[in-house]
Amino acid sequence: MDSQLSLWFCSMSTAFCFVFFSFTLLFSLFSLLIFVLRLKLWCTCKICQAYLTSSWTKDFDNLCDWYTHLLKNSATGTIHIHVLGNIITAKPANVEHMLKTRFENYPKGKPFSTLLGDLLGRGIFNVDGDSWKFQRKMASLELGGVSVRTHAFDIVGSEIQSRLLPLLSSVAGKEQVLDLQDIFRRFSFDNICKFSFGLDPGCLELSLPVSDLAEAFDLASKFSAQRALASSSLIWKVKRLLNLGTEKQLKEAIKVVDEFAEEMIKQRREEGFSDRHDLLSRFMGTINDDKYLRDIVVSFLLAGRDTVASGLTSFFWLLSQHPEVESAIREEVERVMGSSEQFASFNQMREMHYLHAALYESLRLFPPVQFDSKFAQEDDILPDDTFVRKGTRVTYHPYAMGRMERIWGPDCLHYKPERWLQNGRYVPENLYKFPVFQAGKRVCLGKEIALVEMKCVVLAVVRRFNIRVPHSNQAPRFAAGLTATLRGGLPILVQEREA
Ligand code: HEM
1 MDSQLSLWFC SMSTAFCFVF FSFTLLFSLF SLLIFVLRLK LWCTCKICQA
51 YLTSSWTKDF DNLCDWYTHL LKNSATGTIH IHVLGNIITA KPANVEHMLK
101 TRFENYPKGK PFSTLLGDLL GRGIFNVDGD SWKFQRKMAS LELGGVSVRT
151 HAFDIVGSEI QSRLLPLLSS VAGKEQVLDL QDIFRRFSFD NICKFSFGLD
201 PGCLELSLPV SDLAEAFDLA SKFSAQRALA SSSLIWKVKR LLNLGTEKQL
251 KEAIKVVDEF AEEMIKQRRE EGFSDRHDLL SRFMGTINDD KYLRDIVVSF
301 LLAGRDTVAS GLTSFFWLLS QHPEVESAIR EEVERVMGSS EQFASFNQMR
351 EMHYLHAALY ESLRLFPPVQ FDSKFAQEDD ILPDDTFVRK GTRVTYHPYA
401 MGRMERIWGP DCLHYKPERW LQNGRYVPEN LYKFPVFQAG KRVCLGKEIA
451 LVEMKCVVLA VVRRFNIRVP HSNQAPRFAA GLTATLRGGL PILVQEREA
């Protein structure tokens, strides 16, 4: 009987392997066919040739700069990279069409959710349809209240007072170069972990410790984003199946994130969560499924960490080139707060229109999320008459949009906070001209929190220190990833201002 059973198992597993490999082979042939079809187009398209041969790198440091150049020269403000099956647009009317008017036709789509699926699971960042609607509603309720904003304000204030300022002080006046990008990444990771999990990883302690969680999270985001660079998804899927190379590292990194999240959820269940303010505890009131809870909170980690760090890093780079903006911020702070040493309150911040404009202007030129893609569910025609075939990836490009003369005028490349002011007061722009926080139905849920966080940092640092960037005339070069990150970081020197 035993031998019959093992024979049966043996033949079943052989049959399974046969079906599996036949399926994989068919899938590979299909991918090859699509690739060949795209190559045929490439033969006649100069843009595709430049993309595939990387010849654009002779003239541009960053892919986003090359796309900006192409979009500027396109009569419609829209281009098509056939080899990638990707339409890219910098036209506000098209952006409004995708993000609002025909929102249902432009979901994130399966290709995107597969790339990030292992890390983000069913978290808000990675889903469409009912699951997204449910999480969006729940998260909007949680994030919309005054108490959660006060909570975020307290967290940021404490991280600035007890870590950021002492760290900058410790190197002030010395010839010690600090990487400001690394500092802001540590700062925002501490904040978003406290905010999301109620846990303090202490990444910004004076000794700048290595955090296993931060490191695992970095690797997991990096390797997930790298999947998008493969010419065919089959490559990383096979690597994942065989547990090879970066896919093996990705799996290990996700395991660390998973174990951490599991432990946090377990602790909350044991200790109780009703009197806690972090997001995890808030969501635990509505959701019992621990895997789902993990996914939701990990999405917040990704959404709120690198974006804020990226926005702050670019801001201080721009400030180092524009001392007149730094002086104007200081004048405004003095006018609103006098000589008070206190932390600025919400109301005081609201009065600082110039600071707000200076941040918006920095985000216009250096959006933390440089581009964002959706996948068309049905054939469609964009307002500029571009035909979109079902299944095509359509990308709007905030980085390029910030550099379009036809949107921002002939001085579009200049850093000019006054652009956002009328009679000294901040005046908002059309959201589809400036989709830095996305816009429409999926607009960023952490926008207000992010702005308050950034303002708190700028105020605290600019009032007390002079930050100097030794090579500030070098144009930024970005590393490939989900969020704009400066290659090589942002080396700075710090000086304490005279009282
Ligand atoms: C300067 C900082 C930030 C920028 C530029 C930014 C930008 C964005 C963008 C472009 C999206 C759309 C992404 C997509 O759909 O693919 C987004 C979504 C989102 N952001 Fe932010 N974000 C920032 C900070 C934050 C913070 C601090 C949080 C959390 C506290 C947050 C939470 C979210 C969430 C939950 C979503 C998903 C919304 C949805 O899909 O309905 N963001 N953000």
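Taking the UniProt record's numbering, the leading residue of the sequence shown gets 1, the next gets one more, and so forth.
For every residue, glycine included, the Cβ atom is placed at its ideal position computed from N, Cα and C.
Quick one, which of Ser196, Phe187 and Phe195 has its alpha-carbon nearest residue 504's?
Because the chain here runs from 1 to 499, residue 504 falls outside it and cannot be looked at.
Range of the contiguous beta strand (DSSP E) that encloses histidine 80:
What you label residue 80 is simply residue 80 of the sequence shown in a count that begins at 1. First-last of the beta strand (DSSP E) with histidine 80: 78-81.
Could you check where the beta strand (DSSP E) with arginine 393 kicks off and where it finishes?
In the sequence shown, the residue the question calls residue 393 occupies position 393. Arginine 393 -> beta strand (DSSP E) spans 393-396.
Name the two residues that bound the continuous alpha helix (DSSP H) containing aspartate 65.
Working through the sequence shown from its first residue, we reach residue 65 at position 65. Unbroken alpha helix (DSSP H) run through aspartate 65: 63-73.
Are leucine 178 and valine 494 close, meaning C-beta to C-beta below 8 Å?
Working through the sequence shown from its first residue, we reach residue 178 at position 178. Working through the sequence shown from its first residue, we reach residue 494 at position 494. In this structure, valine 494 lies closer than 8 Å to leucine 178 by Cβ.
Exposed or buried, which one is glutamate 159 when buried takes at least 16 other CB atoms within 10 Å?
Within the sequence shown, the letter at position 159 stands for residue 159. It counts as buried.
Under the rule that 16 or more other beta-carbon atoms within 10 Å means buried, what is serine 196, buried or exposed?
Looking up residue 196 in the sequence shown gives position 196. The residue in question, serine 196, is buried, as its Cβ has 16 or more Cβ neighbours within 10 Å.
Considering Cα atoms alone, identify which of Pro398, Ile79, Gly77 and Val83 is closest to glutamine 49.
The residue you call residue 49 lines up with position 49 of the sequence shown. When each option's Cα is compared against that of glutamine 49, the closest is Val83.
DSSP state of aspartate 275 mapped onto helix, strand, coil
Locating residue 275 in the sequence shown gives position 275, counting from the first residue. Here aspartate 275 sits in coil by DSSP.
What is the DSSP secondary structure of valine 494, reduced to helix, strand or coil?
Walking along the sequence shown from the start, residue 494 turns up at place 494. Residue state, collapsed to three classes: strand.
Would you mind giving the Cβ-Cβ distance between serine 320 and phenylalanine 366, rounded to the nearest angstrom? I have them listed as a contact below 8 Å.
Against the sequence shown, residue 320 aligns to sequence position 320. Against the sequence shown, residue 366 aligns to sequence position 366. Between phenylalanine 366 and serine 320 the Cβ distance is about 13 Å, and since that is not below 8 Å, they are no contact.
Is the stretch 206-226 close to the stretch 465-483, with three or more CB pairs under 8 Å?
yes
Looking at the strands, I want to know which residues DSSP matches up with lysine 374.
Along the sequence shown, one-based indexing puts residue 374 at 374. Partner(s): Val394.
Give the C-beta separation of leucine 428 and alanine 357 to the nearest angstrom, bearing in mind that I take them to be a contact with Cβ-Cβ under 8 Å.
Translated into positions along the sequence shown, residue 428 becomes position 428. Translated into positions along the sequence shown, residue 357 becomes position 357. Sequence inspection shows proline at residue 428; the leucine mentioned does not correspond to that position. Contact flag wrong, Cβ pair sits at about 11 Å.
If I measure Cβ to Cβ from cysteine 193 and keep anything under 6 Å in the same chain, skipping five residues before and after, which residues do I get?
Numbered from 1 along the sequence shown, position 193 holds the residue referred to as residue 193. Result list for cysteine 193: Leu199 and Pro201, in chain order.
Spatial distance of asparagine 288 from arginine 269 (CA atoms)
Position 288 of the sequence shown holds residue 288. Position 269 of the sequence shown holds residue 269. Distance between the alpha carbons of asparagine 288 and arginine 269 is about 10 Å.
When you compare each of Lys266, Phe103, Pro107 and Gln267 to aspartate 128 by their alpha carbons, which one comes out closest?
Counted from its first residue, the sequence shown places residue 128 at position 128. With distances taken between Cα atoms, aspartate 128 lies closest to Pro107.
Buried/exposed call for alanine 484, threshold 16 Cβ in 10 Å:
Along the sequence shown, read from residue 1 onward, the residue named residue 484 stands at position 484. Buried, because 16 or more other Cβ atoms sit within 10 Å of the Cβ of alanine 484.
Name the DSSP beta bridge partners of threonine 485, please?
What you label residue 485 is simply residue 485 of the sequence shown in a count that begins at 1. Answer is Ala479.
In angstroms, rounded to a whole number, what distance separates the CA positions of arginine 227 and leucine 115?
Taking the first residue of the sequence shown as position 1, residue 227 is located at position 227. Taking the first residue of the sequence shown as position 1, residue 115 is located at position 115. So the two alpha carbons sit approximately 6 Å from each other.
Go to threonine 307, then tell me how far its alpha helix (DSSP H) extends in each direction, as first and last residue.
Indexing the sequence shown from 1 puts residue 307 at position 307. Element bounds for threonine 307: 290-321.
Looking at C-beta atoms only, is the number of pairs between the stretch 273-283 and the stretch 330-342 that lie closer than 8 Å three or more?
no
Quick check on leucine 141: does DSSP put it in helix, strand or coil?
Taking the first residue of the sequence shown as position 1, residue 141 is located at position 141. Correct three-state label for leucine 141: helix.
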